[in-house]
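Peer 1:
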Amino acid sequence: MAARAFMSSSSLSDDNLPDEALAARLFPGGGEMGRRIRALDWAQTQLGPVCTWPQSLRTAVSIMLGSRFPMMVHWGPELVQFYNDGYSRILQDKHPGALGQPAEPWWREMWPFLSNIFDPVLRGESTFFENGLVLPNRQGFVEEAYFTFSHSPIHDEAGNISGIYVTALETTTTVLQQRRLALLSQLTSQTALSARPAEAAQHLMAALATNTDDIPFALLYARPATAPEAELRAWFGLPAGEPAAPATLPAQPGQVGWPLAEALAANAPLLIESLAERFASWPAGDWPELPTKALLLPLQGGTTSTSVRHVLIVGLSARRPLDAAYLDFFNLVTDYAGRALARAAAAHEAQRFNQTLRETNASLDSFVHIVAHDLKGPVTNLQSLLDVYHEEAPGPTQDHVMSLLGQEINRLSGTMQGMLQVLYTQHGAAVPAPELVLFAEVYATVQAEVADLVHQQLGQLVANFQAAPSVRYPRLYLESILKNLVHNALKYRAATRPPVIQVQTRRQGAAVVLTVADNGRGIDLDRDRKRLFQPFSRLTADGEGAGLGLHMIQTIVQHRGGTLDVSSTLGQGTTFTVMLPDAPPAK
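So the sequence shown is numbered by this note's numbering: it starts at 3 and just counts up by one.
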């Protein structure tokens with residue numbers, strides 16, 4: 003009883019102190035928030051002077067200030083707020099204005115969420131949430147944040163619930179790190195088995211789409227080194243073809259939309275703000291708030307060199323600030339994505355190279371068979387002719403045998419020259435310089451070479467160069483192209499009619515188109531198109547030769563940036579069409 007009387011008289015004597023002195027007596031220490039609570043004129047708040055506060059409130063505030071764990075106390079019907087230093091860091095821009103103020107006006111953006119927590123606590127229940135999503139407006143925007151927190155009722159002297167104890171630990175950093183690491187793991191697993199760049203791009207986008215909270219949309223553009231535009235290869239979150247996601251992006255600086263050239267030149271992340279204003283209108287999406295910012299991320303190719311540059315455009319969450327952790331995350335995305343695309347490009351190039359090797363090996367196998375066939379006959383004939391030559395006495399018979407020997411030698415020489423010409427074209431000396439060549443002059447050379455053969459076959463060789471009389475092209479190459487095409491037409495003539503070969507030229511933009519059409523036996527293109535231009539490949543067993551002419555022509559034409567195409571109808575004839583870029587005159 004004596005002790006109880008002493009405490010009562012002490013409490014009464016404290017209440018006689020001025021309010022500021024009483025607050026200092028009740029709430030010593032407590033850091034910044036202890037000083038603010040002691041300095042606040044509580045008489046101007048809904049709780050009134052400190053001297054009128056019940057002991058239960060004084061004890062709750064004292065315990066709160068003495069804790070280093072983030073804590074808040076709500077008191078009274080309006081849930082007036084107290085908090086300590088740890089909680090002030092959680093409040094951010096709401097601090098220090100929230101002190102001594104009713105809760106609802108300061109948490110209006112999330113009041114329905116808080117009401118669902120407060121109501122059961124005011125009925126006497128305690129709550130606990132781990133890594134719960136909270137959406138406060140504490141930095142000027144509604145923010146995605148995560149907390150582990152508990153709420154407990156505070157009873158007053160009469161046993162009624164008059165307040166709420168809140169203990170909270172912000173876990174936003176942990177939750178975001180786990181979520182972002184999960185995306186990077188997805189990125190690695192999704193792209194690990196991509197065999198082609200197109201597949202890698204799609205897998206990359208699928209991985210990014212697993213985290214729309216951090217990346218509400220993404221666009222991947224690819225620009226070959228010399229191309230004037232970049233092409234949209236993969237996307238999500240924006241409809242392709244809209245102004246914000248065009249199929250192509252100009253690679254020149256100063257563009258209104260996405261500044262691709264500036265990002266590639268800087269070779270560093272480029273922040274773009276005010277998206278709706280930049281693109282006049284912004285398509286609707288599934289976002290709770292429209293994204294207002296984006297990053298352009300030039301992707302690096304790792305250790306693999308490539309002529310294609312990629313830029314990944316990623317939308318930024320409207321609910322998260324672009325802080326150091328967010329930027330670090332995108333740096334990792336850039337690194338992972340760049341390596342994945344480079345890996346796929348290298349794998350595709352290796353596959354293409356291996357396929358080329360397989361085709362080359364197949365061609366060499368074919369070449370061995372053809373050469374064995376083509377050389378066996380002449381060698382056997384040469385041996386036989388030499389035997390006859392030695393058996394015959396000098397005279398007309400021996401002279402005729404010598405003539406036949408010369409023909410067989412020429413046949414061998416032609417085969418060897420064809421092989422050397424292919425090697426020269428593919429791997430040989432410097433490319434001849436283009437010059438202004440008249441088609442009529444080249445045609446005259448070829449016509450003189452085949453005149454006897456055309457006469458023997460009762461054929462016709464006609465030409466018309468009026469539409470395009472000349473072209474700037476290496477003369478040696480042009481002669482080889484025309485000669486091989488005319489020889490092919492004569493070689494594969496129809497058995498039932500004399501050959502008719504028509505040579506014409508015409509202009510097509512900056513190029514000249516050369517056509518050589520015949521009325522020969524024709525080609526089954528459905529069956530033989532792929533084999534037609536392969537080296538050492540012949541479509542029939544008729545005639546001689548190593549099957550090198552068309553392959554050599556295609557190699558010459560493609561090396562000069564042109565094209566070689568064919569159309570044919572079985573039994574009616576074939577037309578070869580050669581597109582020759584007309585080189586500008588040398589300066």
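Quick reminder that beta carbons are idealized off the backbone N, C-alpha and C, glycines included.
Can you check whether the CB of Leu-262 is closer than 8 Å to the CB of Leu-251?
Peer 2: The residue labelled residue 251 in the question sits at position 249 within the sequence shown. The residue labelled residue 262 in the question sits at position 260 within the sequence shown. Cβ distance < 8 Å, so Leu-251 and Leu-262 count as in contact.
Peer 1: Looking at C-beta atoms only, is the number of pairs between the stretch 67-86 and the stretch 151-170 that lie closer than 8 Å three or more?
Peer 2: Touching, per the Cβ criterion.
Peer 1: According to the Cβ coordinates, are Phe-149 and Thr-169 closer than 8 Å?
Peer 2: The residue you call residue 149 lines up with position 147 of the sequence shown. The residue you call residue 169 lines up with position 167 of the sequence shown. Cβ distance not < 8 Å, so Phe-149 and Thr-169 don't count as in contact.
Peer 1: Run the CB neighbour count on Met-66, radius 10 Å, all protein chains shown included, and call it buried at 16 or more, exposed below.
Peer 2: Indexing the sequence shown from 1 puts residue 66 at position 64. Flag for Met-66 reads buried.
Peer 1: Contact between the stretch 474-486 and the stretch 554-566: three or more CB pairs below 8 Å?
Peer 2: Yes, the stretch 474-486 is in contact with the stretch 554-566.
Peer 1: So, are the CB atoms of Ala-220 and Leu-343 less than 8 Å apart?
Peer 2: Here the question's residue 220 lines up with position 218 in the sequence shown. Here the question's residue 343 lines up with position 341 in the sequence shown. No. Outside cutoff.
Peer 1: Please go through the same chain and pick out, in chain order, the residues whose beta-carbon is closer than 8 Å to the beta-carbon of Glu-231, but skip the five residues on each side of it.
Peer 2: To locate residue 231, count along the sequence shown from 1; it is residue 229. Taken in chain order, the residues that qualify are Arg-225, Thr-250, Leu-251, Pro-252, Ala-253.
Peer 1: Starting from the Cα of Trp-108, find the closest Cα among Gly-99, Val-335, Phe-115 and give me that residue.
Peer 2: As a working mapping, residue 108 is identified with position 106 in the sequence shown. Ranking Gly-99, Val-335, Phe-115 by Cα distance to Trp-108 puts Gly-99 first.
Peer 1: Take the Cβ of Arg-125 as the centre, count every other Cβ of all protein chains shown within 10 Å, and call the residue buried at 16 or more, exposed below.
Peer 2: Residue numbering aside, residue 125 sits at position 123 when the sequence shown is read from its first letter. By the 10 Å Cβ count, Arg-125 comes out exposed.
Peer 1: Quick check on Ala-347: buried or exposed, where buried means 16 or more other Cβ atoms within 10 Å of its Cβ?
Peer 2: Along the sequence shown, read from residue 1 onward, the residue named residue 347 stands at position 345. Looking at its Cβ environment, which holds 16 or more other Cβ atoms inside 10 Å, Ala-347 is buried.
Peer 1: For the putative contact between Val-488 and Val-439, defined by C-beta atoms under 8 Å, what is the C-beta separation to the nearest angstrom?
Peer 2: Start at 1 with the first residue of the sequence shown, and residue 488 comes out as number 486. Start at 1 with the first residue of the sequence shown, and residue 439 comes out as number 437. So it is not a contact: roughly 17 Å between Cβ atoms.
Peer 1: My understanding is that Pro-271 touches Leu-297, with C-beta atoms under 8 Å, so please give their C-beta distance in whole angstroms.
Peer 2: Translated into the one-based positions of the sequence shown, residue 271 becomes position 269. Translated into the one-based positions of the sequence shown, residue 297 becomes position 295. About 5 Å; that satisfies the 8 Å criterion.
Peer 1: Entirely within the stretch 191-255 and at least 3 residues each: give me those beta strand (DSSP E) ranges in chain order.
Peer 2: Entirely contained in the stretch 191-255, the beta strand (DSSP E) runs reaching 3 residues are, in chain order, 220-226, 231-238, 250-252.
Peer 1: With three or more beta-carbon pairs closer than 8 Å as the criterion, would you say the stretch 498-506 touches the stretch 514-526?
Peer 2: The stretch 498-506, when compared against the stretch 514-526, does touch it at the 8 Å Cβ threshold.
Peer 1: Let's test the definition: count the other Cβ atoms within 10 Å of the Cβ of Val-580 and tell me whether it reaches 16, buried, or not, exposed.
Peer 2: Along the sequence shown, read from residue 1 onward, the residue named residue 580 stands at position 578. Classification for Val-580: buried.
Peer 1: Could you pull out every residue in the same chain whose Cβ sits closer than 7 Å to the Cβ of Arg-70, ignoring the five residues on either side in sequence?
Peer 2: To locate residue 70, count along the sequence shown from 1; it is residue 68. If we look at Arg-70 and ignore the five residues flanking it on each side, its Cβ neighbours are Gly-88.
Peer 1: Count the other CB atoms, across all protein chains shown, that sit within 10 Å of the CB of Ala-23; report buried if there are 16 or more and exposed otherwise.
Peer 2: On the sequence shown, position 21 is the one that residue 23 refers to. So Ala-23 counts as exposed.
Peer 1: Applying the 10 Å Cβ sphere with the 16-neighbour rule, what's the burial state of Arg-110?
Peer 2: On the sequence shown, residue 110 is found 108 positions in, with the first residue counted as 1. It is exposed - the Cβ of Arg-110 has fewer than 16 other Cβ atoms within 10 Å.
Peer 1: Taking three-plus beta-carbon pairs below 8 Å as touching, is the stretch 170-178 in contact with the stretch 115-129?
Peer 2: Contact fails: fewer than three Cβ-Cβ distances are below 8 Å.
Peer 1: Short of 6 Å in beta carbon distance, which residues of its chain neighbour Met-74, apart from the five on each side in sequence? Order them along the chain.
Peer 2: The sequence position of residue 74 within the sequence shown is 72, counting from 1. Cβ within range, chain order: Tyr-85, Tyr-89, Val-168.
Peer 1: For the beta strand (DSSP E) containing Ser-570, list its first residue and its last residue.
Peer 2: Residue 570 sits at position 568 when you count from the first residue of the sequence shown. Residues 565-571.
Peer 1: Just to confirm before moving on: does the CB-CB distance between Ala-513 and Asp-584 stay below 8 Å?
Peer 2: Within the sequence shown, the letter at position 511 stands for residue 513. Within the sequence shown, the letter at position 582 stands for residue 584. Yes, the Cβ-Cβ distance between Ala-513 and Asp-584 is below 8 Å.
Peer 1: Answer with buried or exposed for Thr-190, where buried requires no fewer than 16 other C-beta atoms within 10 angstroms of its C-beta.
Peer 2: Mapped onto the sequence shown, residue 190 falls at position 188. The residue in question, Thr-190, is exposed, as its Cβ has fewer than 16 Cβ neighbours within 10 Å.
Peer 1: My parser needs the beta strand (DSSP E) runs of 3 or more residues fully inside the stretch 26-83; what are they?
Peer 2: Within the stretch 26-83, the complete beta strand (DSSP E) runs of at least 3 residues are 73-77.
Peer 1: Using the three-state DSSP reduction, which class does Glu-451 fall into: helix, strand or coil?
Peer 2: For the purposes of this step, residue 451 is taken as residue 449 along the sequence shown, with counting starting at 1. If DSSP states are grouped into helix, strand and coil, Glu-451 belongs with the helices.
Peer 1: Any idea what DSSP makes of Ala-270, helix, strand or coil?
Peer 2: Residue numbering aside, residue 270 sits at position 268 when the sequence shown is read from its first letter. Coil.
Peer 1: Give the DSSP-derived three-state secondary structure of Asn-18 in the structure shown.
Peer 2: To locate residue 18, count along the sequence shown from 1; it is residue 16. Coil, per DSSP.
Peer 1: So for Ile-525, helix, strand or coil by DSSP?
Peer 2: Start at 1 with the first residue of the sequence shown, and residue 525 comes out as number 523. Looking at Ile-525 - three-state DSSP - the assignment turns out to be coil, as it is neither helix nor strand.
Peer 1: Determine whether the beta carbon atoms of Arg-321 and Val-144 lie at a separation below 8 Å.
Peer 2: As a position in the sequence shown, residue 321 is number 319, starting the count at 1. As a position in the sequence shown, residue 144 is number 142, starting the count at 1. Yes. Within cutoff.
Peer 1: Just to confirm the assignment: which complete beta strand (DSSP E) runs, minimum length 3, are found wholly within the stretch 76-122?
Peer 2: Here the runs fully enclosed are 82-85.
Peer 1: Nearest-angstrom Cα distance between Arg-91 and Ile-39?
Peer 2: Here residue 91 corresponds to residue number 89 of the sequence shown, with the count starting at 1. Here residue 39 corresponds to residue number 37 of the sequence shown, with the count starting at 1. When rounded, the distance between both Cα atoms is 16 Å.
Peer 1: From the DSSP output, in three-state form, read off Gly-408 for me.
Peer 2: Position 406 of the sequence shown, counted from the first residue, corresponds to residue 408. Note: Gly-408 maps to helix in three-state DSSP.
Peer 1: Rounded to a whole number of angstroms, what is the C-alpha to C-alpha distance between Leu-59 and Gly-134?
Peer 2: Mapped onto the sequence shown, residue 59 falls at position 57. Mapped onto the sequence shown, residue 134 falls at position 132. Going by the C-alpha atoms only, they are around 28 Å apart.
Peer 1: Evaluate Ile-622 with the Cβ neighbour count: other Cβ atoms within 10 Å of its Cβ, from every protein chain shown; 16 or more gives buried, anything less gives exposed.
Peer 2: Here the chain has residues from 3 to 589 only, and residue 622 is not among them.
Peer 1: Would Pro-218 and Pro-293 be called neighbours here (beta carbons separated by less than 8 Å)?
Peer 2: By one-based count along the sequence shown, residue 218 stands at place 216. By one-based count along the sequence shown, residue 293 stands at place 291. Cβ atoms of Pro-218 and Pro-293: closer than 8 Å.
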